[in-house]
Each structure stands twice: as structure tokens, then as C-alpha cells.
């Protein structure tokens, strides 16, 4: 039996993890079809114990803390790669791909800073014997992270491998910085959250949300900022400023870096603002002042991203409100979208909190709330029990409950916490399926080419859509295809960076959405529509052959992308 290994490093906001997967390529059986069969993943259940069920092999802090810090990057990644080497035989490493994929923490960095960190990562990776490519070391978009998590969940739970069409599962994936929510909506939509997915032979229309600043750590940070703007900020005897937090125990005192506490707030006194600006302070003493009712109120305000937690004091615990997007400018009511799915799995941060409370996987929100209140009350009343739970757990329980009830409005939907071993990292290989092109008469061949040139090949849009899913395809050139009328690149197809289209005289429409495309070349005269949407990395375009009569309309099609282009070449050609 031929098996394959893949190494994936997941570099999140709180830390970096490693997963090693061992696969057998599917043999077209009734159950698995062309999907690969997962044989083992490491770390596995043998390594986990009662003290660790989640993120057992992790280095901290996240990579985004290591801008211009080569030593820090190396210290973060070396132990993880060494761990992976234990599971991949030496003679197999040269053929084993390694992916280093960063998420929300790195997404917050400026592009230049993120690029420097990724260059340092590449220098570490290339010192080891794994198969690597520069394009395999990158920052995932929030939408990609959400989508990959959804595929991983449904693959792991056997939905894609079933011989009958099963309803897909919804995803709730909570990290330190962001929250991912994905549901199959059943009908195509045209908004920014829509994804058309095809895993195996079945198509799926999805709504995928990646919500920055709703992760556990950033939500807690928001509560400190809110408290600092309500008169709770005071100067201590040592000259530091204090924030008293109702979700922390009475014995808790800690220096805390708070980036938003000292912004100029309308309620802050002039003396306080002047003092902070003169001294450039961004640290406070965070002091515990336990009060479950107040903790509940501020956690609810963080969950709906309200700018004022006084308003949430009047909010019924089970009321569906929706949530404000990061920045508080747009209210998102996802109720109609999310209720198209009857069962969700709550992963990552959701699972970690549930496991800390020792609850059933099918525990309802009332049980979660009551257990959290009981545990925190006991911890707060007994100083010796202060370390029995995570210091932020008494915030996290009401925050998670309010997130599910008040913000996402899922109180009437079945929610299962876990499994703890499902991660989007699984899909980096599960999407790298054994691809078959039966219509073209190709036998069971897995495409691994990074560059494909199709010259005088009669190909249609449907076949190209299939080709775009090739996980290694970075460049595609199509020319002189007589039958090609439409091209749709609707992501996420993260590897594809360059697309060249020449002399395809029947081509009328090109649509590119949610793509990492960097370079686009079009040579032709008859294109009627070029639609670009959410193509943030596009920096170069080459346009040839468009007549002066059509040039104005063509420029209007790409007008919103002109500011981000570093190079735009337009050549009318002859005639």
C-alpha cells in the first residue's frame, strides 16, 4: 500500500502548531471515491492525555511577534519541524511537502512586515529535508481559513465519504484573534461571503464569514478598553493606571499591555490625556474585582461588539441581537443564513472552554452558563483555587454563550463541541485529492504541475474550473482555444498567481473573485465583461488588442483596481 505524508505548520495568533498527516490515495471505491484516505495524524490520541486535549504541541507566542527577529522565528519553528521529522521516515522527506500557513495574527501586520517574517520562515524551512516551495509559506485569508476548516470538519465526520448525500455540518471555529463561521446555504449568492465549492463530485454553495477581533484574546482585550473608558481607569499609588475587571478573581494583579486604553476618549479628563501623551504609556495594572453579573454584562457587550456595555445591561440573556462588524460600523444579522444548517460543530476555542468545564459534547448553552458561574464563584471565594482554571475562563464562559445566543442567534440549533482534533490544517491535504479528468479521458492521474500551458486546446469553462483546484498550479496560460466562452475563478484557489489568456476569440466573459492572483494578461478583442472582486494581491496587468472604441468600457471594468496596480500595460495592437 502506497502512502504519502504531509507536514502543515499552523501559525496562529497565540502560537504555532504542527500536524503530520499520513495518507493513502483513494482507489475510487464506493465509500471514498477519489478522496484521499487519512491513515494517521500526529500528534495523535496516544500523545494526548487528561492534561492536554487541544494544541498539545505548540510554541508561543505567535509569529507576528517576530518582525525583524530571525532568532525568534527560528526558536518558534525549529521544535515543530524537529517533531515532524520523528514521524516522516528519512527516505520519504524529500517527497513530503511542508506547508507553513499563518492566520489572523499575521493578517494584522503590514504587508512589508509580514513579508519579512515569511522570508525568515523560508530560511528555516529550507534547512530541513522536506519538499518546500515559497508559495507554500504564506498568510491565509480569513475566508480561506474558514473554508478549509469547513472542508476539514465535513471530511473528518464522513460527510464527503458517504455513499448517500448527507447534509453538511456547519462550522464555528474560534481562535485567539478571529472567529470563523461557515454554513451551506443551498443556493448561489453574490455577496462577499459566498463560496462555490466542489469536493469530490458534489457542489456546495457556502456562506463563509471570518470575523476579526472576535477571538477569545482580542475580545478580552476589548473589555479592558471598554472598562478604561468608563471611569474605572484610575492611578495607583505607584503611578501606574489600574483597570478593575469583574471577570477576574480578587487575587489577580498583572501588568497588562492595553493598546486602546489610552486613546483620546470623550469622557477622559484633560489631565489624564495630557499625562498619557507626555509619557507614551500603554501599560496598566489589571486588577481582579469579581462580580458575576457585571462580568456577564461586559462579556455580552464584547460578543455583540457593542461600543457601550451599559446598553447590554438591559439585554435579555437569550435575545437575538446580531453583531457589529469590527470597527462597529456595520450590523451583521446572520440568523437567516446560519439557520439553513441544523447542526454545528464548535471547534478550537469553543472546544477548549467546554473541555475545561468537563461538559458533555452535547451540553446546551444553559448548562454551559450554569457550570461556568458555579466554577467561577467557587474559584473566586477560595483563594487557594485561583489557579484551578485559566485566569480568563470566567470571562470566556459568558462570552461564548453570548456569542452563540445574542450575536450568532444559534440558541435553537444543535451545537456539538468538538472534536478537538479537527483543524483547517487537515484540508491542506484533503483538498489535494487524487484528481480525475474522466471527460478528457485521462486516467487516475494527480496533477502536480506548477505551470500549465494550453495552446490550441479546446477547453471549456467547466474543465478550467476543475483545473483551478490543482493545489500546486501557480501559472496557467491559455491560447487559441476556439470553444472557450467564459472563465470563472471563484476562490479560494490559493496557489494560482499568474493567468495569461491569448487569442481565445469566443471568450466573452472573465470573472475573478476571492483569488490570490498577482498577474493577469489578456490579449484579444472581443471580451465583453471583466469582473474583478476581492483580488487583493493583483499588482500587474497586461492588456493587448482592445480597440480604442472599447477602451473606455474596459478601463471602467478595472477602475476599482487601478490604485493597487504597480504596473499596467495597455497596447492597442494593430488596427
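In the working numbering, the protein residues as written are 1114 to 1688. Don't be surprised by glycine CBs; every beta carbon is placed ideally from N, CA and C.
In DSSP terms, what residue i is bridged to
{"i": "residue 1689", "result": "There is simply no residue 1689 to check, as the chain begins at 1114 and stops at 1688 in what is shown."}
{"i": "residue 1680", "result": "1653"}
{"i": "residue 1135", "result": "1118 and 1153"}
{"i": "residue 1458", "result": "1284 and 1529"}
{"i": "residue 1305", "result": "Residue 1305 pairs with nothing; no bridge assigned."}
{"i": "residue 1311", "result": "1316"}
{"i": "residue 1408", "result": "None; residue 1408 has no bridge partner."}
{"i": "residue 1210", "result": "1244"}
{"i": "residue 1646", "result": "1626"}
{"i": "residue 1252", "result": "1215"}
{"i": "residue 1297", "result": "1319"}
7 Å CB neighbourhood of residue i in its chain, flanking five on each side removed
{"i": "residue 1196", "result": "1131 and 1170"}
{"i": "residue 1258", "result": "1216, 1293, 1323 and 1537"}
{"i": "residue 1463", "result": "1285, 1287, 1513 and 1530"}
{"i": "residue 1577", "result": "1600"}
{"i": "residue 1622", "result": "1599, 1641 and 1642"}
{"i": "residue 1570", "result": "1594"}
{"i": "residue 1368", "result": "1396 and 1398"}
{"i": "residue 1484", "result": "1470 and 1472"}
{"i": "residue 1159", "result": "Unreliable positioning characterises residue 1159 in this predicted model, as indicated by a pLDDT of 48, which lies under 50. The coordinate reading is nonetheless provided below. For residue 1159, where only same-chain residues beyond five positions count, there are no Cβ hits under 7 Å."}
Sequence-distant residues of its chain with Cβ nearer than 8 Å to residue i (five each side left out)
{"i": "residue 1193", "result": "1122, 1129, 1130, 1131, 1170 and 1172"}
{"i": "residue 1524", "result": "1431, 1433, 1478, 1517 and 1518"}
{"i": "residue 1587", "result": "1248, 1563, 1564, 1608, 1609, 1610 and 1611"}
{"i": "residue 1191", "result": "1237"}
Same chain, Cβ closer than 6 Å to residue i, five either side skipped, listed in chain order
{"i": "residue 1683", "result": "1656"}
{"i": "residue 1117", "result": "1136"}
{"i": "residue 1281", "result": "1267, 1272 and 1297"}
{"i": "residue 1200", "result": "1133 and 1155"}
{"i": "residue 1668", "result": "none"}
{"i": "residue 1382", "result": "Confidence at residue 1382 is low in this model, with a pLDDT of 41, below 50, so the placement of that residue should be treated as unreliable; the coordinate-derived value is given next. Once the five neighbours on either side are set aside, residue 1382 has no close Cβ partner at all."}
{"i": "residue 1633", "result": "1612 and 1654"}
{"i": "residue 1222", "result": "1177"}
Three-state secondary structure assigned by DSSP to residue i
{"i": "residue 1402", "result": "coil"}
{"i": "residue 1370", "result": "strand"}
{"i": "residue 1173", "result": "coil"}
{"i": "residue 1215", "result": "strand"}
{"i": "residue 1199", "result": "helix"}
{"i": "residue 1490", "result": "helix"}
{"i": "residue 1130", "result": "strand"}
{"i": "residue 1125", "result": "coil"}
{"i": "residue 1232", "result": "helix"}
{"i": "residue 1267", "result": "helix"}
{"i": "residue 1333", "result": "helix"}
{"i": "residue 1477", "result": "coil"}
{"i": "residue 1419", "result": "coil"}
{"i": "residue 1534", "result": "coil"}
{"i": "residue 1239", "result": "coil"}
{"i": "residue 1184", "result": "helix"}
{"i": "residue 1524", "result": "coil"}
{"i": "residue 1668", "result": "helix"}
{"i": "residue 1205", "result": "helix"}
{"i": "residue 1221", "result": "coil"}
{"i": "residue 1453", "result": "coil"}
{"i": "residue 1179", "result": "coil"}
{"i": "residue 1675", "result": "helix"}
{"i": "residue 1519", "result": "helix"}
{"i": "residue 1257", "result": "helix"}
{"i": "residue 1413", "result": "helix"}
{"i": "residue 1513", "result": "helix"}
{"i": "residue 1466", "result": "helix"}
Whole-Å CB distance - residue i paired with residue j, under 8 Å assumed
{"i": "residue 1210", "j": "residue 1263", "result": "The Cβ separation is near 22 Å, so there is no contact."}
{"i": "residue 1592", "j": "residue 1616", "result": "5 Å"}
{"i": "residue 1309", "j": "residue 1603", "result": "5 Å"}
{"i": "residue 1238", "j": "residue 1180", "result": "Actually they do not touch by this definition, with Cβ atoms about 18 Å apart."}
{"i": "residue 1299", "j": "residue 1318", "result": "6 Å"}
{"i": "residue 1206", "j": "residue 1243", "result": "5 Å"}
{"i": "residue 1301", "j": "residue 1412", "result": "With a Cβ gap of about 37 Å, residue 1301 and residue 1412 do not count as contacting."}
{"i": "residue 1329", "j": "residue 1509", "result": "6 Å"}
Self-check item: Any beta strand (DSSP E) of 3 or more consecutive residues that is wholly inside the region 1563-1639
Solution: Within the region 1563-1639, the beta strand (DSSP E) runs of at least 3 residues that lie entirely inside it are, in chain order, 1564-1568, 1588-1592, 1599-1603, 1611-1615, 1622-1626 and 1632-1636.
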